[in-house]
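Just below is one structure, and these are the notes that go with it.
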Amino acid sequence: MAQVLEFKLPDLGEGLTEAEIVRWLVEVGDVVAVDQPVVEVETAKAMVEVPCPYGGVVTARFGEEGTELPVGAPLITVAVGASVADGSTDGSAAKSEGSGNVLVGYGTSEAPARRRRVRPAQGVPVASPAMNGQAAVREVVEGPVPVISPLVRRLARENGLDLRELTGSGPDGLILRADVENALRSAAAQDTVAEPAPTALPQTSAPAGGGIRVPLKGIRGAVADKLSRSRREIPDATCWVDADATELMRARTAMNAAGGPKISLLALLARICTAALARFPELNSTVDMAAREVVQFDHVHIGFAAQTERGLVVPVVRDAHARDAEALTAEFARLTEAARTGGLTPGELTGGTFTLNNYGVFGVDGSTPIINHPEAAMLGVGRIIPKPWVHEGELAVRQVVQLSLTFDHRVCDGGTAGGFLRYVADCVEQPAVLLRTL
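Letter 262 of the sequence shown, counting from 1, is numbered 246 in our numbering, and no numbers are missing.
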């Protein structure tokens, strides 16, 4: 008799409670090996391939491409432990609990808490696609009851919503973010009905033809949520300065002419930022409003804005303060390629303490960056272009860049922010300044 194991969408970590099916990698009837990727999903953090911990024959798939599934929802069923027409399985997956490597980089769930067997009166050892996953013996592996994510709890708390009054739409009644948002929309709609609109203002209507509606989901939705939260919670301020980057560009040219791996401009800017944060640690922090404390970090994890086809992502270079320019260049290149191909893990997209945003690649001079919540500051770098500049008392054409710093005014005042930005500008104008602090 074959055992049909049901593989559910695993806990993806980082507070993520759902994922969208992007592409199925297997068909019903395919023979899969233990830890073989079976589906590509996109979360609010990244696009990843999900490996199945069982080896056998795929008897059913759940969800079409483009469908969003909550954590704990069935993904596929796999018949294990019996010979099949186009091969045989060794039954090892059925004897054990699978490989345990549900999703590399996300961690695995606890061991199954219990099992139940459902034995239909009639059946065959392995189901055909038309049977929708039914088999003579179906073994459903049940994990621990899901818990409400911190993100959902925080969203409810910030909006004064009592979770005990909600009915969850997730597995085992799990309350999802969508449930909280639906409840908030319903409450807002009731308030609108109860309070008539002012008669002095004209009523607006949808544009003719209805227009185009683009769903805010996946990475785009996560970006919208994070930017809105940043604007809502952080009292930010921006200061900026023009700097003569001629000497920095010359220094980079000399470094790359000396042989060895090429050094990127982003790496040099990151090196300047880590030195500046060592002098002004207030900007390498976050605010814990519950404890009413500013938490200063003893490490620098630099995030950098990367534009991809799926939207804006911010990969994080861990321990940037401990890396030299060459190591920073290599890590920036690796993470940029992973962002381009959708291969970033949630761990590579979280945990930043400071963000560097080089929007000069888009051909613009300046901007007022929105802080990457829950960080306290972001440095924006515009394009470097020839401009008239007074150099050593005479007018000359120099390579000029605009630097802008957006900071959380709760962690410091303008004097600290201005000191940080001035130090960065001094290092850009005279790279030797940086050497004195190393």
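Built from N, CA and C at the ideal position, the CB exists for glycine as well.
The model shown is predicted, which means the values in this text are computed figures rather than measured ones.
Would you kindly report the start and end of the unbroken alpha helix (DSSP H) that includes residue i?
| i | result |
| --- | --- |
| Ile203 | 202 to 217 |
| Val417 | 416 to 419 |
| Phe404 | 398 to 413 |
Can you give me the start and stop residues for the beta strand (DSSP E) that residue i sits inside?
| i | result |
| --- | --- |
| Met273 | No beta strand (DSSP E) contains Met273, which DSSP labels as neither H nor E. |
| Asn240 | Looking at the DSSP string, Asn240 is not in any beta strand (DSSP E); the run it does join, the alpha helix (DSSP H), is 230 to 241. |
| Ile5 | 2 to 8 |
| Ile355 | Here Ile355 belongs to no beta strand (DSSP E), and DSSP marks it neither H nor E. |
| Arg255 | No beta strand (DSSP E) contains Arg255, which is instead part of the alpha helix (DSSP H) from 249 to 263. |
| Glu52 | 52 to 54 |
| Pro58 | 58 to 64 |
| Pro21 | 20 to 26 |
| Lys(-8) | -13 to -8 |
Buried or exposed, going by whether 16 or more other CB atoms sit within 10 Å of the CB of residue i?
| i | result |
| --- | --- |
| Pro330 | buried |
| Lys253 | In the sequence on display, residue 253 carries Leu and not Lys. So Leu253 ends up on the buried side. |
| Pro415 | buried |
| Phe404 | buried |
| Asp347 | As written in the sequence, residue 347 is Gly, which differs from the Asp given in the question. Its Cβ having fewer than 16 others within 10 Å, Gly347 is exposed. |
| Ser214 | buried |
| Arg216 | exposed |
| Leu160 | buried |
| Arg7 | exposed |
| Lys(-8) | buried |
| Leu418 | buried |
Whose C-alpha, out of the options, is nearest the C-alpha of residue i?
| i | options | result |
| --- | --- | --- |
| Gln280 | Ala162, Glu359, Met233 | Glu359 |
| Lys246 | Leu296, Val297, Arg382, Thr313 | Thr313 |
| Ser153 | Leu419, Leu145, Asn166 | Asn166 |
| Arg367 | Gly243, Asn342, Glu24, Arg382 | Asn342 |
| Gly399 | Gly327, Phe264, Lys210 | Phe264 |
| Leu158 | Leu145, Ala235, Ala57 | Ala57 |
| Leu53 | Glu413, Val412, Gly202, Thr258 | Gly202 |
| Ala(-14) | Val62, Thr230, Ile5, Met31 | Val62 |
| Ala162 | Asp282, Glu413, Ala3, Gly377 | Ala3 |
| Leu288 | Ala251, Met273, Leu261, Ala262 | Here residue 288 is Phe; the residue named in the question, Leu, does not match the sequence. Closest option to Phe288, Cα to Cα, is Ala251. |
| Gln20 | Val10, Thr27, Gly244 | Val10 |
| Cys411 | Val384, Ala229, Ser248 | Ala229 |
| Val384 | Asp14, Val225, Ala238 | Val225 |
Does the beta carbon of residue i fall short of 8 Å from some heavy atom of the ligand ATP?
| i | result |
| --- | --- |
| Val10 | In terms of ligand content, the structure shown is empty, and the ligand ATP therefore cannot be addressed. |
>> Counting beta carbon pairs with one atom in the stretch 380 to 394 and one in the stretch 350 to 362, are three or more of them shorter than 8 Å?
In response: yes
>> Suppose only complete runs of 3+ residues qualify. What are the beta strand (DSSP E) ranges in the stretch 304 to 384, listed by chain order?
In response: 338 to 341, 361 to 365, 369 to 375
> Are the stretch 292 to 304 and the stretch 332 to 339 in contact at 8 Å, needing three or more beta carbon pairs?
Replying inline: yes
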